[in-house]
Amino acid sequence: MENRQEIIKGTSLWGDAWRRLLKNKLAVFGLIVMVIMIVAVVIGPSILYWTTGFTADAFPDSGDLIKSFPPSLMHPMGTDEGGRDLFARVLQGGRISLMVGLISTVVSLFVGVSYGAIAGYMGGRIDNLMMRIVDMIYAIPYILIVIVLLSVFGGQNTPGWVQFLSEKVGGAGNQGLSQIFLLFFALGLVSWLTMARVVRGQVLSLKHQEFVLAAKATGVSTFGIIFRHLVPNTLGPVIVYATLTVPSVMLTEAFLSYLGLGVQAPFASWGSLAADGVKNIAIFPWQLLFPGLTMALTLFSLNFLGDGLRDALDPQTRKF
Amino acid sequence: MLSFILRRLLIIIPMALLVITLTWGLIRLAPGNFYSSEKKLPPAIEENIKKKYGLDKPWYDQYGIMMLNIVKLDFGESLKYQGQSVNEIIGRHLPYSATIGILAYILALIIGLSTGILAALKQNSIWDYGSMALAMLGLSIPNFVFGPILVSVFALWLYLFPPARWGGLPALVLPVITLSAIYAAYIARLTRAGMLEVMRSDYIRTARAKGLDEKTVLLKHALRGGIIPVVSFTGPALAGLLAGTVVVERVFAIPGLGNIFIQSVLNRDEPLTLGIVAFLSILIMLFNLAVDISYGFLDPRIRFD
Amino acid sequence: MKVRQPRLKAIAAYFALCSIISSCSTSAGSRYFGQVEPPSKNIMRYVSGGEIESLDPPITNSQPDARILISLFDGLVEYHPKTMEPIPAIAESWETSPDGTEYLFHLRKNAKFSNGDPIAANDFVYSFRRGFTPELASRNAYLGYYIKYSEAFNAGRSFVKDPSGQFVLKKDLAEKKPHEPSPAPGASSDGSDHFGPDSEFHRYIDGPERLTVPTDKKELAAAADKDPKLKAAIQGKQFVPVMAEDIGVEAVDDYTLRLKLYQPAPFFLGLLAHQFFRVVPQKVIEKYGNNWTRIENIVTSGAFKLAVHRPYDVLTVVRDPNNWDAANVKLDGIEFYPLDEQTTMMNLYKAGSVDALYNHTVPAAWFDTIKQYTAEYSLQPEVADEFYVINVKKPPMNNVKIRQAFALAIDRISLAEFRKTLKPLIDMTPEGVFPKYETARDKVYSEELAKQGSSLADWKARVFEPEKARKLLSEAGFPVIKNGDNYSCPSFPVDKTSITYNTAESNKSVAEFVQAQWKQNLGITVPLKNMEFRTFLPLLNKVDYDGIARRGWVGDYMDPYTFLSLYYSESNEGATGWWDPKFDKMLDDANKTTDPQKRFETLAHAEFYIMQQQIIIPLGTNTTSWMKKPYIKGFYPNPGTLQPWKFAYIERDPNKWTTDMDMIMKDEDPEVNAQIDRLTSTQTEMERSKAATAVK
């Protein structure tokens, strides 16, 4: 009996949230853009290839076409220095960028939230130890972690599941992609730290509040208190932080690409396209403009969506 | 409270040593060495180099000697820049990154806090949307794009500021703005979220109910609790800023610590990397300690166990 | 219709935006790129590349460091500002022994260090010996290994002496080969060739080469185990470590220096301009040890001396009044900016904050815009090229036909159009910097190709031959299938190959282009693997990469040998795993040839031989691609971008400014020419008088 009640309550909570989300125009805008973006990135490259024959990595045959052309009807975003269609490259780069952002953020959410919540609630020695470990990982330069990870697990030593994943996404013969998956992993490893600190801070300030004490008194297990009572109450800052993690991870990826540790050519990411484009800002501004705009639009939408989700998931907002 | 601070201060030393050990292990795991070049060196020369730097000894000897020296705060000489000690390099380049970093963070705090508070107070108004959209813009433009755009406009088109290099106040303007943009955006969003969270809480309602005027409620109560996320962000952010930011330093050719650190990792300049890591880790831990202490002042509900 | 109007407007606005963007980018500006205003002070501001590693000349081996060290230290010879050939510096003139293994340098008597101490032959002896000291661990020491016993000293080896006091000679151990070279001409029975003044040291160093063995007991035992002859030879012998005093450098008198090489090396003079061979102050180094390069201690020997050094910011040098040539040094000083971010330095250049940049600094993408500024931009061929090395040890690339197929399937003309700063190349040595060698090579190639029933024109077609490439690949057992416009080669093991390269924007675009070419012409998609430089190096040096790796080579001196010698000897630095004693012998024969044209022909035979093996895939000759403001004169786009600074000056009269960078290599700048003539006159005089005595 009790179980069924809980399920009904649960669905109505999410249904409520969904309805509230739909009322928020900016969030809906963000949602629509993200859906379009994901669809475009997933099926766009194939459609483009079918209709125009452009791919992200093929250079034109003729010598005079191998230069950067401004936007035109044929190339709505222009071409890069090699005469490759920038639109195709932006679509393909989106796959990598969105995946980097998504996977790393999910890792950071799961690891960071549980880690921070446990540390904050347990307090005392355990908290101390856990937070000192976070401090230490903070202090180790992440480039070093990335270099070691890529060199130790790259090449012939690539784990099977990484190869499997990269083949599924990039098609056979694209070993280059396995490095990207290692990169996701490495970025996830370093991006949960801030999340853990934020959640711990929130839990610290919440754990002495009445509802926690009440739960404790009624005999709810520690696990239950942490994940049922405390974590949902930290959702606001967590979602904001998660939406902030996506851009920062994307930027980190771009920075690593710039150092030669990131995405493998001929693949590109929005970050690496923008990094290439910025070198030619004075001469071929479209090489920066379009990847940059696409990336900015995505991050914009993600954040509006994040804000909307927070407002929708946190019923207290309505009271205000 | 005092014993809490003391305990945390004392634990920093073994932790820093642990971080150094881990980093050292990582450097040793990474392929390549500091002396290799595109031309393969004759084995005799490689041996001379190894002998000169004590790399011919077994690894535990090397580790032991290094740790002994580090305990004495001697990180040795850089491998890449011969005749320059690591301490000297850090001391020489820290002021550059610190100047830019602190200025940028002050600017970011001013912009971020004011827009964040404004947005929270006028939630769902045009002010809110406008400032948050602006903050979003700050977050969405990577600084390696933002910097060159500023340079193109203000240095190469209007010739208002020098395009790069250290020297004088005008040269600071563009890098400081570039660096502060993303921090200002972070702070604005964190402030807004934190303020909204706090303004809903019971103690603010109590304060209001007691009839305190809105200004006192805001500045004395709401702000104190609302900027907790900003404070916990400030610790690592400021430590990172002091240690330099690679992109801005490269774009504006500033001789800061960040670029030197990245180069040291890429050059496998072990003593320099370890020295900067040690410095940085102690800095981060000190700042985090400061953050934890300030929690107590900002939010009376937090207790130090 | 009304409903659609806003959308039309949006489209119109979009295209308006696009046209604005493109008009901005193609707008033909003024004659010059950015601000052109000579600096107020007589100080040139130059972007030199990465931060200098060390101010100690033998220590560092990077180009950026070399540029600065050239200004601070003088050597026996200096680079010619245009051709980079050696011209007299502290050595006023020199003589070469008939067998080409000995040099006598006559030093000028007014050369001084920056602290006023005179520079004499002994200072060079000290500097050279110091460079080879094992404790200094110089990475450049190999450059001087041509000097007799220098390698043995540097590697910590020992002579072997029998109890009677006789040293064991190398030839005692050598197998008698049918092609044993006859004793060098002019060498008499006592070993001395009587070249230059006689001395005890001279008789020793000219004597037959002694055997050297590792000093380290374990290493020696290992070497002896491998070679029974060596084991027998060292039985019961004494070992005398090779000392600094034993290497082939001698101060004959205060102003005469003698160098003795193992074997003739006609390019050796050119090598002497390298910073490794420049003179350093013994007293200061002995006083301060490792700290001698600190700004408060440093004493230099060049046209300029150190004034300011703020690492990663600026290094300033000022004219040294004590320098022997100070009267002809035109700049008051130079500011070197250690930058390696291309966009940043282009910005500084455009804003007029720097006067010149180092090579390859103009991004390829800017080429179409920058090339119109002919007064500032130079695109001269360099003594450097880019190529892919092939790991010939592993299948499938151990098959020469496959290697040739891959080499032929790249359209180098298109590649050059894409990269702009790369000139198509099909050989090992760069095109356009060794004109005399190229003439000899064309001749040799024609003969060789005629033997194969082919012609020089056929050879030149190798720049792109997709049809032939597909044929070769099919012959090698990997049939290329044509379907429609595309090709495929399903049986080729793609996973065993890759293009491995170290991260750089230029390497990336070339690799992407080549990958696309092979996909298009052979139907093979070779995966790309980029890695950070230090991760890449061990793979390259140990020949551990799969298939293909990117490599570039900058010549150490102006001679094709600097490119061919990469593949010399079993432990060669070619990074391909290829070695052939026949090739080694061809190179040795060439260097023993005294007639330069004949020598070039022998080298050309060697190059032809190695190109038949296709162990590398040539991509292109590099070009200078750097800019200087038109008011900087006496500063040329020479093949290595290593300019002697004393020729450079700032011209304040706009009428005399550079108008065409292509012309300044030929253009006569009377002032610079007079300066060069004055310097070279002593050597010309020496050669003339020698020729006169020879006739007598």
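Just so you know, the sequences run in chain order A, C and L.
The first sequence begins at 1 in the numbering used here and counts up one residue at a time.
The second sequence begins at 1001 in the numbering used here and counts up one residue at a time.
The third sequence begins at 2001 in the numbering used here and counts up one residue at a time.
All C-beta atoms, glycine included, are put in the ideal place defined by N, C-alpha and C.
Bear in mind that the values here come from a model prediction, so they are computed numbers and not experimental data.
Query, Result
"Continuous beta strand (DSSP E) stretch holding R2550 (chain L): start and end", "G2547 to V2554"
"Sufficient close CB pairs (3 or more, under 8 Å) joining the segment 2297–2305 of chain L to the segment 2131–2143 of chain L", "no"
"CA-to-CA distance, I1020 (chain C) to G1032 (chain C), given in whole angstroms", "20 Å"
"Under 8 Å by beta carbon: chain C residues contacting G145 (chain A)", "Position check: residue 145 (chain A) holds Ile in this sequence, whereas Gly was assumed. Chain C residues near I145 (chain A): L1026."
"Rounded separation between A2137 (chain L) and V2354 (chain L) - CA only", "35 Å"
"Residues, ordered as in the chain, of the segment 2339–2368 of chain L that lie near chain C by beta-carbon distance below 7 Å", "L2339, E2341, T2343, T2344, N2347, L2348, K2350, A2351 and S2353"
"Local conformation of A2697 (chain L) per DSSP, three classes", "Chain L is shown only over 2001 to 2696; residue 2697 (chain L) falls outside these bounds and no answer can be derived."
"Same chain only: Cβ atoms within 6 Å of Q2275 (chain L), ignoring 5 sequence neighbours per side", "P2057, A2066 and L2069"
"Cβ neighbours of L2173 (chain L) in the same chain (closer than 7 Å, five flanking residues each side left out)", "L2211, K2229, L2230 and A2233"
"Buried/exposed call for G2523 (chain L), threshold 16 Cβ in 10 Å", "buried"
"Interface flag, S2022 (chain L) vs chain A, CB-CB below 8 Å", "With a pLDDT of 46 at S2022 (chain L), under the threshold of 50, the modelled position of that residue is not reliable, and the figure given next carries that caveat. With 8 Å as the cut-off, S2022 (chain L) counts as an interface residue toward chain A."
"Short-range partners of chain A found in the segment 2501–2515 of chain L, where Cβ spacing is below 8 Å", "N2502, T2503, A2504, E2505, K2508, S2509, A2511, E2512, F2513 and Q2515"
"Interface residues of the segment 1117–1149 of chain C facing chain A [CB-CB below 9 Å]", "Q1123, Y1129, M1132, A1133, A1135, M1136, L1137, L1139, S1140, I1141, P1142, N1143, F1144, V1145, G1147, P1148 and I1149"
"Interfacial residues, the segment 2406–2433 of chain L to chain A, with Cβ spacing under 7 Å", "I2413, S2414, E2417 and F2418"
"Counterpart residues of P2530 (chain L) in DSSP-defined beta bridges", "Note that residue 2530 (chain L) is Asn in the sequence shown here, rather than Pro. N2530 (chain L) is bridged to L:Y2501."
"Best match in C:G1064, C:A1193 and C:L1160 for proximity to D307 (chain A) [C-alpha to C-alpha]", "C:A1193"
"Short Cβ contact (8 Å threshold) for L2564 (chain L) with E2601 (chain L)", "no"
"Check whether S2498 (chain L) and G2547 (chain L) have beta carbons under 8 Å apart", "yes"
"Among A:G30, A:N233 and A:S68, the one whose alpha carbon lies nearest that of F87 (chain A)", "A:S68"
"Separation of F2268 (chain L) from K1057 (chain C), as counted between CA atoms", "37 Å"
"Proximity of G201 (chain A) and S1232 (chain C) at Cβ, strictly below 8 Å", "yes"
"Assigned secondary structure, Y2636 (chain L) (DSSP; H/G/I helix, E/B strand, else coil)", "coil"
"Neighbour-count burial assignment, V1071 (chain C), 16 or more Cβ in a 10 Å radius", "exposed"
"Residues sharing a beta bridge with H2309 (chain L), DSSP", "L:L2315"
"Through-space distance from S2455 (chain L) to R2403 (chain L), alpha-carbon basis", "21 Å"
"Start-end ranges of the alpha helix (DSSP H) lying completely within the segment 2026–2092 of chain L, minimum 4 residues", "2063–2072"
"Any beta strand (DSSP E) of 3 or more consecutive residues that is wholly inside the segment 2212–2276 of chain L", "2212–2214, 2238–2241, 2249–2253 and 2256–2260"
"DSSP three-state assignment for H208 (chain A), whether helix, strand or coil", "coil"
"D57 (chain A) and P266 (chain A) closer than 8 Å at C-beta", "yes"
"When L:D2340, L:E2438 and L:I2617 are compared against E2051 (chain L), the one with the closest alpha-carbon", "L:D2340"
"Inter-residue CB distance, D2385 (chain L) and L2425 (chain L) (contact presumed, cutoff 8 Å)", "6 Å"
"Segments of 4+ residues assigned as alpha helix (DSSP H) that fall wholly inside the segment 1035–1090 of chain C", "1043–1052 and 1059–1071"
"Contacting residues, own chain, Cβ-Cβ under 6 Å from I2676 (chain L) (five flanking each side not counted)", "none"
"Per-residue burial, G2049 (chain L) [other beta carbons within 10 Å of its own, 16 or more giving buried]", "buried"
"Cα-Cα separation between G1112 (chain C) and M1132 (chain C), rounded to whole angstroms", "10 Å"
"Residues that DSSP places opposite T2096 (chain L) in a beta bridge", "L:Y2103"
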